[in-house]
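Residue numbers (this note's numbering): 269 to 546. Beta carbons: idealized from backbone N, C-alpha and C, even for Gly.
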């Protein structure tokens, strides 16, 4: 959408003056509708590598800049005050998304594909992309601009961070058929390869080295590249001893995520998504 991109970039350059532009709201609504429909996204995979669409992030930030506070909901039951440019998404049966009763919220500007299951309470923020067959379990969060693939299971209380800013930074990316265990946290642009399994309690960030006991490798982020979890890796929480100073004397260890194996038939049986739930 080159014309929409050019207009979003123009309005973004205006800064605070964008709120006074007569075309700003109409342009933003067109942009938000395209984002909600999955026609545009904050990041996409091209030639085997994920690329950030900076202008999409600019458009999301523009919506916060030009929006005004508005009341919504039912004051007698549950009321909200938020920017009027980002109302809650009210799904219809025609969209094919299951939003089970119990306090979940999905913002407009988030794409949720048909056959996604949302268990209460959970939250999907603006700019997120959640693909077909994925389950977002209770108390789980999908952050702004996070990209979640097909048939992913985000288990209870897992946190998938976003990364809206800086606008050129890669968001958190969870590729197809990944299993994210309960109470996991994936933050700061980390990328999890297809069919990987994150055991309960795994936390991954840019500053977290990932220890591969199978391939004898240590994976780290760099100044320009995020931490990447290899495809099919099975990651569990671990620890590593501190070898210097008082920490060594006291026997202190640091948290460390560890790859203990790569996915096999036994793993597949353990993490298969139950079709009956759909």
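Beta-carbon gap between residue 303 and residue 377 smaller than 8 Å = Mapped onto the chain shown, residue 303 falls at position 35. Mapped onto the chain shown, residue 377 falls at position 109. Result yes, Cβ atoms of residue 303 and residue 377 sit closer than 8 Å.
What residues in its chain sit with their C-beta under 7 Å from that of residue 293, if we drop five residues either side in the sequence?
-> What you label residue 293 is simply residue 25 of the chain shown in a count that begins at 1. Excluding sequence neighbours, residue 293 sits near 334.
Rounded distance between the beta-carbons of residue 382 and residue 368, thought under 8 Å | Counting from 1 along the chain shown, the entry for residue 368 is found at position 100. Counting from 1 along the chain shown, the entry for residue 382 is found at position 114. Not a contact, Cβ separation roughly 16 Å.
Considering residue 524, what are the terminal residues of the beta strand (DSSP E) in which it resides?
-> Mapped onto the chain shown, residue 524 falls at position 256. Unbroken beta strand (DSSP E) run through residue 524: 521-530.
Is the beta carbon of residue 353 within less than 7 Å of some heavy atom of the ligand SAH?
-> This structure does not include the ligand SAH; it has no bound ligands of any sort.
Given residue 478, which residues of its chain have a CB within under 6 Å of its CB, disregarding the five upstream and five downstream residues?
-> As a first step, residue 478 must be located in the chain shown, where it is residue number 210. Cβ-Cβ distances below 6 Å link residue 478 to 487, 525 in the same chain, with the five nearest sequence neighbours on each side left out; the list follows chain order.
Look at the alpha carbon of residue 483 and the alpha carbon of residue 412, and state the distance between them as a whole number of angstroms.
-> Counting from one through the chain shown, the residue named residue 483 turns up at place 215. Counting from one through the chain shown, the residue named residue 412 turns up at place 144. The alpha-carbon atoms of residue 483 and residue 412 are separated by roughly 33 Å.
My guess is that residue 440 and residue 450 are in contact by the Cβ rule of under 8 Å, so how many angstroms apart are they, rounded?
-> Taking the first residue of the chain shown as 1, we reach residue 440 at position 172. Taking the first residue of the chain shown as 1, we reach residue 450 at position 182. Not a contact, Cβ separation roughly 17 Å.
Identify, in the order they occur along the chain, each residue of the same chain with its Cβ nearer than 6 Å to the Cβ of residue 387, setting aside the five sequence neighbours on each side.
-> Position 119 of the chain shown, counted from the start, is the residue given in the question as residue 387. So the list reads 368, 405, 406, once near-sequence residues are dropped.
Indicate whether residue 481 and residue 528 have their beta-carbon atoms separated by less than 8 Å.
-> In the chain shown, residue 481 corresponds to position 213, counting from 1. In the chain shown, residue 528 corresponds to position 260, counting from 1. The answer is yes: Cβ separation under 8 Å.
Would you mind working out which of 502, 458, 332 sits nearest residue 532, comparing C-alpha positions?
-> Within the chain shown, residue 532 is the residue found at index 264, counting from 1. Measuring from the Cα of residue 532, the nearest candidate turns out to be 502.
What span of residues does the alpha helix (DSSP H) with residue 271 cover, start to end?
-> By 1-based counting over the chain shown, the position of residue 271 is 3. Its alpha helix (DSSP H) spans residues 270-281.
Given a cut-off of 8 Å, decide if residue 448 and residue 462 are closer than it, judged by their beta-carbon atoms.
-> Your numbering for residue 462 matches position 194 in the chain shown. Your numbering for residue 448 matches position 180 in the chain shown. Cβ atoms of residue 462 and residue 448: not closer than 8 Å.
Inter-residue Cα distance where the pair is residue 489 and residue 495 = One-based indexing of the chain shown puts residue 489 at position 221. One-based indexing of the chain shown puts residue 495 at position 227. Roughly 4 Å separates the two Cα atoms.
Using alpha carbons as the reference points, say which of 400, 347, 353, 339 lies closest to residue 287.
-> Sequence index remark: in the chain shown, residue 287 carries index 19 (1-based). For the residues 400, 347, 353, 339, the minimum Cα distance to residue 287 belongs to 353.
DSSP-derived helix/strand/coil call for residue 445 | For the purposes of this step, residue 445 is taken as residue 177 along the chain shown, with counting starting at 1. DSSP places residue 445 in coil when its eight states are reduced to three.
Through-space distance from residue 506 to residue 517, alpha-carbon basis | Walking along the chain shown from the start, residue 517 turns up at place 249. Walking along the chain shown from the start, residue 506 turns up at place 238. If you take the alpha carbons of residue 517 and residue 506, they lie about 20 Å apart.
Residues near residue 330 in its chain [Cβ-Cβ closer than 7 Å; skip 5 each side] | Working through the chain shown from its first residue, we reach residue 330 at position 62. Result list for residue 330: 276, 279, 280, 286, 296, in chain order.
Cβ-based neighbour list, residue 390, same chain, cut-off 6 Å, excluding 5 preceding and 5 following = To locate residue 390, count along the chain shown from 1; it is residue 122. Shown here for residue 390: same chain residues with a beta carbon closer than 6 Å to its own, the five before and five after excluded, namely 372, 404, 408 in chain order.
Which value, in whole angstroms, describes the spacing of the CA atoms of residue 337 and residue 522?
-> Along the chain shown, one-based indexing puts residue 337 at 69. Along the chain shown, one-based indexing puts residue 522 at 254. One C-alpha to the other measures close to 44 Å.
Would you tell me roughly how many angstroms separate the C-alpha atoms of residue 422 and residue 325, rounded to the nearest one?
-> Taking the first residue of the chain shown as position 1, residue 422 is located at position 154. Taking the first residue of the chain shown as position 1, residue 325 is located at position 57. About 24 Å.
Among the residues of its own chain, which have a CB less than 6 Å from the CB of residue 424, if the five just before and after it don't count?
-> As a position in the chain shown, residue 424 is number 156, starting the count at 1. Within the same chain, residue 424 has close Cβ partners 405, 406, 407, 450.
Should residue 344 go down as buried or exposed, given a rule of 16 or more other Cβ atoms within 10 Å for buried?
-> Indexing the chain shown from 1 puts residue 344 at position 76. Residue 344 comes out exposed.
Going by C-alpha distance, which of 514, 500, 519, 327 is nearest residue 508?
-> Position 240 of the chain shown, counted from the start, is the residue given in the question as residue 508. Measuring C-alpha to C-alpha distances from residue 508 to each of 514, 500, 519, 327 identifies 519 as the nearest.
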